[in-house]
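Worksheet: the structure to be examined is printed underneath.
Chains as they are written, first to last, in my numbering: chain A, 1 to 75; chain B, 1001 to 1667.
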């Protein structure tokens, strides 16, 4: 599923990133790489998704979320 | 001659600017990189008997070629202009913020690593062992907290150690990771140590894998075709950027393993963040924060503005004395009306610039600005701007110059210029001080409708202006949506902040004085008279071109008031008053007396459609000369400042034209 589809307070693992080189560069440089664990802190309509990963609170615009594939993990 | 040049490199929120300000204090210079719209910050500091130069490299999250900033940064490093590069990382988010170090690894310039925000990491219960990290990566590593005064001695010692040893990152472990990527070895074989000076073959190979167009183009220029073909073939069969990203983080994990002890921090929002990120209360909370910030800006501003008032009062006294002593009108005019009056404008402005820079610099530093960005990301994104741009807009309801000064927290030059260009459309406090009065005089109970119309036109204006200006200012790569961190809140470093704000205020003073003096002098000359208003050049020109200005609904007194409103809107009504009652135009612009029966004068001489045209003309005209000067100070571009100014004069006349003709239909 896409990052934007995750519900609040769920845990997931990034399974793939797709987009042009610039997009991939930006996403990896902020710490989101395949295999990395994330937890969704907030996911409100019309706001960037807030997630926590690698010790960091990260905001990702909804359009950008489309390029990030995730797999939900049950705690 | 400086002992050495240090370049500061770090991701946003790594505390780079704070360190730069703390090191250089008032000894800094802000300009643009040659031929680029990227801000260049340089400064110097003295330690012992040596003077060092510091370059604050424009930064993003990595060393790739995603933006002008990043290309400038890596070209600067590779050029060897820096004797040593200080790489900053945030201790409280070490894993992610070491990405810059991993992306740097393979550049030839010596470097050392500063783990900033030691205090925040401690609060989170993290302990970091810098020696363990140093052993693994082979360059000096130190913990640092900008708020700790003792930390600077440690900083100087580490800096000297890095300079002495010309320390370079030990990349063997990182390269082992890269070697696992298909195509890596094949590409690297084609390269030698000085294929492109400043970069190692490993670094170049990684960038080729990441499909870095700038690096590929450089290689194409240097390598023979057959080698380049090999490289392109190998790169094609590889899964590139994602794989190299994984390698970098695997290397970082290896470095941190055993060097960091942490109690697992939960992914939870603090109390304040729960409000800021609330889907309903977030926006009101941000607006309230900015308004409170604006009010707080006046606390440091008021005493300085008091000084301005004092200068103005002294000028008045001086003028009386000079006139009594029989000094020629021209001399009295130049000294009292031009120079002292300009000083009054400038000092008032400086007070406000000081206040706004301090308060909004503080909000930026403690981390509030990142929340503002988050909340308004979607809304501002539609205009091609960052979420932060909402702050200058709100500040501009008070004062456009404050909005321009506040726009400096926007780290992208093009978006900063666009933000200021849009902020000009927001009617400022001076407009609000005359528009309701004029509306009531002419339209009575209909006045609120005029105000609503102004607000609607403002929104439309901003939307259209964004469309027109964004083309040349905001590049497609900046149109990407927000991918950013919300840093933990941290304590401000007051000393560095104050020195930075003082420095910027000083810079503003020198740049702005020129502009204001020139404009004041021109306006003074145009309105200079020894007798009646009819002798002034302004009057003569105004009357002569009235047939044209009437087209826009502006009779000559209204048009002169429109021209005067470019100096300061608050003077517009005073000018009309002076024109009808025979006072001095120039004094009126500076806030001179308004006739007691101004309401009667206006209704007797101005029709309702003309009044409507006038209201729109002055509301959407360029805000005032100090706002113009502050804009120039912020964007360092004569070209864009002029463009924006001319655009506003033209659009305000178009709006006046529209208002006049709509008015003719209604009334």
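We treat Cβ as the ideally placed atom computed from N, Cα and C, and that holds for glycine.
All values derive from a computational prediction rather than experimental measurement.
#1: What in chain A is Cβ-close to residue 1096 of chain B, meaning under 8 Å?
#2: Please classify residue 2 of chain A: does DSSP put it in a helix, a strand, or coil?
#3: Could you pull the start and end residues of the beta strand (DSSP E) that residue 984 of chain B belongs to?
#4: To the nearest angstrom, how far is the alpha carbon of residue 1315 of chain B from that of residue 1326 of chain B?
#5: Could one say the Cβ of residue 13 of chain A lies closer than 9 Å to chain B's Cβ atoms, at least one of them?
#6: Going by the beta-carbon positions, is the gap between residue 1243 of chain B and residue 1181 of chain B smaller than 9 Å?
#7: If we count Cβ pairs, one from each stretch, closer than 8 Å, do we get three or more for the segment 21 to 29 of chain A versus the segment 1056 to 1068 of chain B?
#8: Work out the CA separation of residue 1196 of chain B and residue 1510 of chain B for me, nearest whole Å.
#9: Quick check: is the beta carbon of residue 3 of chain A nearer than 9 Å to any beta carbon in chain B?
#10: Just list the alpha helix (DSSP H) runs in the segment 1405 to 1462 of chain B, keeping only unbroken ones of 4 residues or longer that don't cross its boundaries, in chain order.
#11: Just the Cα atoms here: how many angstroms apart are residue 1059 of chain B and residue 1038 of chain B?
#12: Considering only the alpha carbon of each residue, which of B/1663, B/1166, B/1030 lies closest to residue 1442 of chain B?
#13: What does residue 1084 of chain B pair with, by DSSP beta-bridge criteria?
#14: Enumerated in chain order, which unbroken segments of the alpha helix (DSSP H) with a length of 4 residues or greater are wholly contained in the segment 1571 to 1616 of chain B?
#15: Helix, strand or coil: how does DSSP classify residue 1533 of chain B here?
#16: Counting only runs that start and end within the segment 1088 to 1142 of chain B, where is the beta strand (DSSP E) found for 3 or more residues in a row?
#17: Assuming residue 1276 of chain B and residue 1356 of chain B form a contact by the criterion Cβ under 8 Å, report the distance between their Cβ atoms to the nearest whole angstrom.
#18: Below 8 Å on C-beta distance, what does residue 1377 of chain B contact in chain A?
#19: What residue does the beta strand (DSSP E) around residue 1045 of chain B start on, and which one ends it?
#20: Which partner residues of residue 65 of chain A appear in the DSSP bridge assignment?
#21: Classify residue 1025 of chain B as helix, strand or coil using the three-state DSSP reduction.
#22: Taking the C-alpha atoms as reference points, what is the distance between residue 1116 of chain B and residue 1087 of chain B?
#23: Given that a residue counts as buried once 16 or more other Cβ atoms are within 10 Å of its Cβ, and exposed if not, what is residue 1597 of chain B?
#24: If we cut at 9 Å on Cβ distances, does residue 1099 of chain B have a partner in chain A?
#25: Does the beta-carbon of residue 1016 of chain B have 16 or more other beta-carbons within 10 angstroms, so that it is buried, or is it exposed?
#26: Counting contacts by CB-CB distance shorter than 9 Å, is residue 1263 of chain B in contact with chain A?
#27: Since residue 16 of chain A is in the beta strand (DSSP E), which residue starts that stretch and which ends it?
#28: Taking only the alpha-carbon atoms, compute the straight-line gap between residue 1179 of chain B and residue 1249 of chain B and give it to the nearest angstrom.
#29: Tell me whether residue 1412 of chain B is buried or exposed, calling it buried when 16 or more other Cβ atoms sit within 10 Å of its Cβ.
#30: Does DSSP put residue 42 of chain A in a helix, in a strand, or in coil?
#31: Does chain A have any CB closer than 9 Å to the CB of residue 1211 of chain B?
#32: Across the segment 1334 to 1344 of chain B and the segment 1381 to 1390 of chain B, are there enough close Cβ pairs to call them in contact, namely three or more that are closer than 8 Å?
#33: Whole angstroms is fine: what's the gap from residue 1500 of chain B's alpha carbon to residue 1026 of chain B's?
#34: Mind listing the chain B neighbours of residue 26 of chain A? Cutoff is C-beta to C-beta under 9 Å, in chain order.
#35: Could you say which of B/1404, B/1667, B/1041 lies nearest to residue 1628 of chain B if we only look at CA atoms?
#36: Start and end of the beta strand (DSSP E) containing residue 49 of chain A?
On the basis of the coordinates in this document:
#1: 30, 31, 53, 54, 55, 56
#2: strand
#3: Any answer about residue 984 of chain B is impossible in this case: the structure gives chain B only from 1001 up to 1667.
#4: 16 Å
#5: no
#6: yes
#7: yes
#8: 42 Å
#9: no
#10: 1413 to 1423, 1429 to 1443
#11: 10 Å
#12: B/1663
#13: B/1006
#14: 1572 to 1581, 1585 to 1589, 1598 to 1605
#15: helix
#16: 1111 to 1116, 1126 to 1128
#17: So it is not a contact: roughly 21 Å between Cβ atoms.
#18: 47, 48, 59, 61
#19: 1039 to 1047
#20: The partner list for residue 65 of chain A (beta bridge, DSSP) is empty, contrary to what the question assumes.
#21: coil
#22: 10 Å
#23: exposed
#24: yes
#25: buried
#26: no
#27: 11 to 17
#28: 15 Å
#29: buried
#30: strand
#31: yes
#32: no
#33: 7 Å
#34: 1060, 1061, 1062, 1064, 1066, 1480, 1483
#35: B/1404
#36: 49 to 53
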